[in-house]
Amino acid sequence: MKLTLRVWRQKNANARGRFVTYEAKNITPDMSFLEMLDVVNEELIGRGEEPIAFEHDCREGICGSCGFMIDGVAHGPKRASTVCQLHMRSFRDGDSLTIEPWRAKAFPVIKDLIVDRSAFDRIIQAGGFISVPTGSAPDANAILVPKENAELAFDAAACIGCGACVAACPNASAMLFTAAKVSHLHLLPQGQPERYDRARNIVATMDKEEFGGCTNIGECEAVCPKEIRLHFIALMNRDLIRASVRDWKVGRRAAGM
Amino acid sequence: MAVTGFILVGFVIVHMLGNLKVYQGEEKFNAYAVGLREIGSPAVGHEQFLWLMRLVLLTATGLHIVAAVQLTQMSHAARPVSYVQKKVIQATYASRTMRWGGVIITLFVVYHILHLTFGAVGFPPGQYRHLSVYRNVVTGFSLWYVSAFYIAAMVALGLHMYHGVWSMFQTLGLSDENTGRLYRSLAIVSSFVVVVGNISVPAGVLVGLVK
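Which chain is which? The protein sequence lines are Z and B, in order. Using this note's numbering, read the first sequence as starting at 1 and increasing by one per residue. Using this note's numbering, read the second sequence as starting at 1 and increasing by one per residue.
Below, the structure written as structure tokens:
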């Protein structure tokens with residue numbers, strides 16, 4: 001296969017970026033998208049040029065490192081897939097593709113297709129955890145979890161934090177990511193003690209990181225490689241509203257009313 | 001957005017049901033308009049309840065617009081560099097046109113109040129008669145372009161409601177994996193009924209059903 005790539009090149013966070021066109025030659029349909037870029041980079045290195053920088057790690061679709069826009073779609077045309085698990089058989093010989101990094105104020109470009117997603121780390125630090133004393137592993141089945149909740153919690157926990165939801169959102173909102181992290185813990189008994197503080201803190205951090213507001217459009221759900229569903233956002237909203245009601249009640253009680 | 005939207009959707013549904021009274025004839029329709037001003041009588045005075053409702057609606061509309069402007073500003077700030085290429089995968093036309101839809105509806109509401117409440121626009125001089133609502137509707141909608149504007153505005157309202165009603169349940173945290181589909185259906189049915197009910201009035205005048 002032979003393809004024409006229009007790739008975003010940007011030297012560093014402060015440099016002005018631009019699109020550069022490359023020819024991808026000697027590509028086979030069973031290569032992954034990242035392997036195709038490896039071939040292009042080999043040639044660039046051979047010519048003494050700077051290779052295209054992109055993030056990647058496991059190349060199995062489970063780590064959340066990779067991801068960029070291919071022809072205006074986060075992770076490319078294949079549903080429920082990361083770019084590392086997208087194969088060249090999804091394209092046709094002679095295709096012309098535009099490759100762009102995630103675009104969001106909260107995800108500044110570091111180099112070429114690599115963006116800084118540490119805003120996600122700070123969201124996790126605000127509430128993506130449970131506080132338990134460490135020690136020996138608890139007995140299996142000591143805490144019972146209804147089957148349905150276990151399944152839903154697992155659906156939410158499948159989030160790999162790649163950032164495609166933010167990239168696809170017309171508002172650059174991080175609601176799907178945040179909601180997945182919140183829901184995963186809220187559906188399990190271990191998540192209950194800090195439930196309302198978590199909802200409040202994690203959403204406050206998300207807002208502080210300058211992500212946009214959710215307008216329930218659903219583009220996030222469409223590109224999510226782990227098919228995280230939009231209703232997790234409603235679940236988080238529910239806890240957020242309950243948290244405010246509880247704060248109000250606690251406030252009244254403290255005021256002796 | 002959701003709380004003020006809920007109030008506004010409630011108003012729109014009640015308003016549409018009121019509009020349908022036009023089919024009960026001139027006498028009943030005019031009596032309905034007069035009756036609206038006497039709700040709560042004699043406990044509350046003439047037009048007092050009506051003005052309270054108008055105040056609530058005006059406040060809800062104001063807050064709804066303020067929230068929309070804030071959300072829009074947040075969105076623009078959150079993506080300072082836009083994509084060279086961006087495809088829409090599953091977002092509905094309605095969800096993507098909420099902002100302009102809202103602008104169209106606001107302009108329509110201003111026109112509608114100047115038109116059928118004040119008689120300031122869309123009537124030849126001396127043709128508008130306060131509280132002769134039936135005559136005003138017939139005279140007002142006899143101009144095809146006025147009716148066409150109303151019909152177009154109602155389509156915009158329908159689209160706005162279709163996304164808005166569903167979105168409301170999502171924002172208020174009521175939607176989940178089991179009820180999501182129910183709320184979608186509720187959004188379809190409510191927006192469809194409001195649009196058809198409201199459009200039937202200018203359309204009815206144009207085809208001579210209401211005269």
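We put the beta carbon where it would ideally sit given N, CA and C, even for glycine.
{"Item": "Nearest-angstrom Cα distance between H75(Z) and G213(Z)?", "Value": "22 Å"}
{"Item": "Would the beta-carbon of A179(Z) fall within 9 Å of that of I228(Z)?", "Value": "yes"}
{"Item": "Would you please verify whether the beta carbon of N14(Z) is less than 9 Å from any beta carbon of chain B?", "Value": "no"}
{"Item": "Verify the CB distance criterion: does I89(B) have a CB-CB separation below 9 Å to chain Z?", "Value": "yes"}
{"Item": "Using CA atoms only, rank isn't needed, just tell me which of S183(Z), L240(Z) and A243(Z) is closest to H231(Z).", "Value": "S183(Z)"}
{"Item": "What residue ranges within the segment 122-202 of chain Z form continuous alpha helix (DSSP H) runs of no fewer than 4 residues, ordered along the chain?", "Value": "147-157, 164-168 and 175-186"}
{"Item": "Consult DSSP for V109(Z) and reduce its assignment to one of helix, strand or coil.", "Value": "strand"}
{"Item": "Is there a Cβ of chain Z sitting closer than 9 Å to that of V84(B), yes or no?", "Value": "yes"}
{"Item": "Excluding the 5 residues preceding and the 5 following E60(Z) in the sequence, name in chain order all residues of the same chain whose CB lies nearer than 6 Å to its CB.", "Value": "none"}
{"Item": "Can you tell me which of the three DSSP states L97(Z) falls into?", "Value": "strand"}
{"Item": "Answer yes or no: does any C-beta atom of chain Z fall closer than 9 Å to that of R202(B)?", "Value": "Residue 202(B) is actually Pro in this sequence, not Arg. So no, P202(B) is outside the interface."}
{"Item": "Considering only the beta carbon of each residue, do A119(Z) and A106(Z) sit closer than 9 Å?", "Value": "yes"}
{"Item": "Within the continuous alpha helix (DSSP H) that includes L50(B), where are the two ends?", "Value": "Q48 to A78"}
{"Item": "Which residues of chain Z have a Cβ atom closer than 8 Å to the Cβ of E177(B), listed in chain order?", "Value": "L152, R229 and H231"}
{"Item": "On the DSSP bridge list, what partners appear for H231(Z)?", "Value": "DSSP lists no partner for H231(Z)."}
{"Item": "Can you tell me where the beta strand (DSSP E) with F19(Z) in it begins and where it stops?", "Value": "R18 to A24"}
{"Item": "Buried or exposed: I70(Z), going by 16 or more other Cβ atoms within 10 Å of its Cβ?", "Value": "buried"}
{"Item": "Is it true that the segment 126-133 of chain B meets the segment 28-39 of chain B, where meeting means three or more beta-carbon pairs spaced less than 8 Å apart?", "Value": "yes"}
{"Item": "Whether or not the segment 11-21 of chain B and the segment 206-226 of chain Z are in contact is what I'm after, with contact meaning three or more pairs of Cβ atoms, one per stretch, closer than 8 Å; do they touch?", "Value": "no"}
{"Item": "Can you grab the Cα-Cα spacing for the pair T267(Z) / V88(B), in whole Å?", "Value": "Only positions 1 to 257 of chain Z appear in the structure, and residue 267(Z) is not among them; the question remains open."}
{"Item": "How would you list, in chain order, the residues of chain B whose beta-carbon sits under 8 Å from the beta-carbon of F177(Z)?", "Value": "The premise fails here: F177(Z) is roughly 14 Å from chain B at the closest Cβ pair, so nothing lies under 8 Å."}
{"Item": "Whole beta strand (DSSP E) runs in the segment 114-191 of chain B with 3 or more residues, listed along the chain?", "Value": "none"}
{"Item": "Are the C-beta atoms of N237(Z) and some chain B residue less than 9 Å apart?", "Value": "yes"}
{"Item": "Run down chain Z in chain order and give the residues with a C-beta less than 8 Å from the C-beta of L174(B).", "Value": "A234 and R238"}
{"Item": "Classify V194(B): buried if its beta carbon has 16 or more other beta carbons within 10 angstroms, exposed otherwise.", "Value": "buried"}
{"Item": "Around the Cβ of P202(B), are there at least 16 other Cβ atoms within 10 angstroms (buried) or fewer (exposed)?", "Value": "buried"}
{"Item": "Can you pull the chain B neighbours of N266(Z), defined as C-beta to C-beta under 8 Å?", "Value": "Since the first and last residues shown for chain Z are 1 and 257, residue 266(Z) lies out of range."}
{"Item": "Kindly provide the ranges of any alpha helix (DSSP H) runs that are 4 or more residues long and lie completely inside the segment 20-72 of chain Z, ordered along the chain.", "Value": "33-46"}
{"Item": "Can you tell me the Cβ-Cβ gap for L34(Z) and C66(Z), rounded? I've got them flagged as a contact below 8 Å.", "Value": "6 Å"}
{"Item": "Pick out whichever of I241(Z), Q10(Z), C224(Z) and D247(Z) has its Cα sitting closest to the Cα of I110(Z).", "Value": "Q10(Z)"}
{"Item": "For the alpha helix (DSSP H) that W8(Z) lies in, which residues bound it at each end?", "Value": "Where W8(Z) is concerned, there is no enclosing alpha helix (DSSP H), although the beta strand (DSSP E) it sits in stretches over L3 to R9."}
{"Item": "CB M1(B) to CB T117(B), shorter than 9 Å?", "Value": "no"}
{"Item": "Express the C-alpha separation of P108(Z) and A15(Z) in angstroms, rounding to a whole number.", "Value": "12 Å"}
{"Item": "Going along the chain, which residues of the segment 170-201 of chain Z sit with their C-beta nearer than 8 Å to a C-beta in chain B?", "Value": "P170, N171, A172 and S173"}
{"Item": "Under 9 Å Cβ-Cβ, which residues of chain B neighbour G127(Z)?", "Value": "By Cβ distance, chain B contributes nothing, its closest Cβ being about 17 Å from G127(Z), past 9 Å."}
{"Item": "Spell out a yes or no on whether the segment 104-111 of chain B and the segment 149-161 of chain B are touching, meaning 3 or more CB-CB pairs, one atom from each, closer than 8 Å.", "Value": "yes"}
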